[in-house]
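All remarks here apply to the structure that follows.
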Amino acid sequence: MKELLELMPKEAIEIRNNEGYKALATLTSSGTVEMAKWMVKKNKKVVTIANNYNWIPVSLAILYGRIEIARYLYSITSIEGTQS
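Just so we're aligned, residue 1 is where the sequence shown starts under full-length UniProt numbering, counting upward by one.
The structure is reproduced here in structure tokens:
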């Protein structure tokens, strides 16, 4: 995963699927904290971008019960910068 992220342009991490989920939002349900850290390192803006339902990645991690990822995302998420 790390190698793929290094090859991707940072804008690619912002691509949404048909429900408005970005890679980081999808990762909150099944990924690892290490993977989340690599995505954020590549593009810090992804933690503040909401999906079509106005859920940001930290709120999705809480919803899915992914406490470790939620703690990490909470520690780096600025609510003031949240975008739809």
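We treat Cβ as the ideally placed atom computed from N, Cα and C, and that holds for glycine.
- For Ile56, the three-state secondary structure derived from DSSP is coil.
- With contacts defined by Cβ atoms closer than 8 Å, Ser29 and Arg66 form a contacting pair.
- Contact between Glu19 and Asn52 holds: CB atoms are separated by about 6 Å, below the 8 Å threshold.
- With 16 or more other CB atoms across the displayed protein chains lying within 10 angstroms of its CB, Pro57 is buried.
- Annotation for Leu60: Ala25, Thr28 place their beta carbon closer than 6 Å to its own, counting only its chain and skipping 5 residues before and after.
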